[in-house]
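>
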Amino acid sequence: MIIGTKAVKEPAFVGEMCRAFPGHVIVGLDAKDGYVATDGWAEVSTVKATELAKRFANDGVSSIVYTDIARDGMMQGVNVEATAALAREGGLPVIASGGVTNLDDIKALCEVADSGILGAITGRAIYEGSLDVAEAQRLSDQLTGAVHEPYQTHHSLPGCRRRARGQRR
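Just so we're aligned, residue 1 is where the sequence shown starts under full-length UniProt numbering, counting upward by one.
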């Protein structure tokens, strides 16, 4: 599960979820100039993303989805420096989000993957055609030496019963 604003406003909730679902909690941190933004980016706090990441690492969070809100959807490129710094200083693997535009961004993230970059999220670049997902995966695998298991679209949480396709609740 990915927890966003609630993680920032109620950090104790993150610890509770980590105890209930160990290894399955990711926190989404949206930031502007390194400071965490909440409530759909309407509010920028005085809390640094790196400080929150450290706390969440101690709680048992498995990774962070980091969005640089100044770049999200702007097709300006990913903020590689801030993303890598968060991974290094926060002590958690980071999934880059916001600004991933083309293969140059994928290459730049791969070059700092050893700082703790786990992956990337992109949206607009795909539907605008500036990023080919298959080519991005090939490049990433080539540059990082990654080997992948077959892609899965569903990962069950402990205690959750998987329904057959089309089965209603």
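Backbone N, C-alpha and C define an ideal beta-carbon position, used for all residues, glycine too.
Count the other CB atoms within 10 Å of the CB of GLU16; is the residue buried (16 or more) or exposed (fewer)?
By the 10 Å Cβ count, GLU16 comes out exposed.
> Report the start-end ranges of each alpha helix (DSSP H) in the segment 30 to 102 that is 4 residues or longer and not cut off at the edges.
49 to 59 and 80 to 90
> Quick check: the Cα distance between TYR35 and ALA12, rounded to an integer number of angstroms?
20 Å
> Can you tell me whether TYR66 sits near the ligand ZN, meaning its C-beta is under 7 Å from at least one heavy atom of the ligand?
Absent from the structure shown: the ligand ZN. Ligands present: none.
> Short of 6 Å in beta carbon distance, which residues of its chain neighbour ALA113, apart from the five on each side in sequence? Order them along the chain.
THR144
> Going straight from the alpha carbon of ASP68 to that of LYS54, what length do you get?
18 Å
> I'd like the list of long-range same chain contacts for ALA136, defined as Cβ closer than 7 Å, with 5 residues on each side in sequence excluded.
LEU103 and ILE106
> From this set, ARG19, VAL80 and ILE126, which residue's C-alpha is nearest ALA96's C-alpha?
Here the closest residue by C-alpha is VAL80.
> When DSSP builds the beta bridges, which residues end up paired with ILE106?
ILE106 pairs with nothing; no bridge assigned.
> Please classify LEU143: does DSSP put it in a helix, a strand, or coil?
LEU143 falls in the helix class under three-state DSSP.
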